[in-house]
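In the UniProt record's numbering, the protein residues as written are 1 to 127. Idealized CB from N, CA, C, for every residue including glycine. Keep in mind the model is a prediction, meaning the values are calculated, not measured. Written out below as structure tokens is the structure these notes cover.
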């Protein structure tokens, strides 16, 4: 089983620019109403669909309203990605930090208002 998150949005161009330029995603497929992107290692995908498109059933017409959703991207070198995004001028919504449960992470926001938690998972350190 494979999961592909999909966001219904009018911001196809903005989403494509953000995910490809800032996060290094690639384009798997696109047409005038649909965009499918993949992570740099091709392990996961995310899609974007124009709202109210006549090719789609009513279930897939209503646009995402920018609240109540987040994505987590697990990485090997969170500090490198943090520094790279800062150099690109991507606004950091939550500064890089260590959590007591072992995670080191920070957060940004995509053009659709979706929070993106970029994290390096680690086991908690015993004291």
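Candidates the options: closest to residue i by CA position
i           : options           : result
residue 29  : 48, 22, 11        : 48
residue 63  : 102, 56, 50, 21   : 50
residue 33  : 70, 61, 88        : 61
residue 22  : 108, 44, 120, 113 : 108
residue 94  : 82, 53, 3, 88     : 82
residue 11  : 67, 111, 118, 20  : 111
residue 19  : 76, 71, 52, 66    : 71
residue 76  : 41, 36, 1         : 41
residue 139 : 65, 69, 46, 88    : There is simply no residue 139 to check, as the chain begins at 1 and stops at 127 in what is shown.
residue 88  : 17, 8, 6          : 17
Residue i - partner residues in DSSP beta bridges
i           : result
residue 117 : 72, 107
residue 27  : 37
residue 98  : 104
Extent of the continuous beta strand (DSSP E) run through residue i
i          : result
residue 14 : Per DSSP, residue 14 belongs to no beta strand (DSSP E); it is in the alpha helix (DSSP H), 12-17.
residue 92 : Premise fails: residue 92 is in no beta strand (DSSP E) and is neither H nor E.
Range covered by the alpha helix (DSSP H) that runs through residue i
i          : result
residue 49 : Run containing residue 49: none in the alpha helix (DSSP H); it sits in the beta strand (DSSP E), 45-49.
residue 8  : Where residue 8 is concerned, there is no enclosing alpha helix (DSSP H), although the beta strand (DSSP E) it sits in stretches over 4-8.
For residue j and residue i, the rounded distance between their alpha carbons
i           : j           : result
residue 123 : residue 116 : 21 Å
residue 105 : residue 97  : 6 Å
residue 74  : residue 58  : 33 Å
residue 55  : residue 31  : 12 Å
residue 43  : residue 13  : 23 Å
residue 15  : residue 113 : 11 Å
residue 84  : residue 92  : 11 Å
residue 52  : residue 101 : 43 Å
Same chain, Cβ closer than 6 Å to residue i, neighbours up to 5 away in sequence not counted
i          : result
residue 26 : 38
Sequence-distant residues of its chain with Cβ nearer than 8 Å to residue i (five each side left out)
i          : result
residue 78 : 96, 104, 105, 106, 118, 119, 120
Own chain residues within Cβ distance below 7 Å of residue i, not counting five before or after
i           : result
residue 127 : Reliability fails at residue 127, whose pLDDT of 49 lies under 50, so the model's placement of it is uncertain and the value that follows must be treated cautiously. Around residue 127: no qualifying Cβ.
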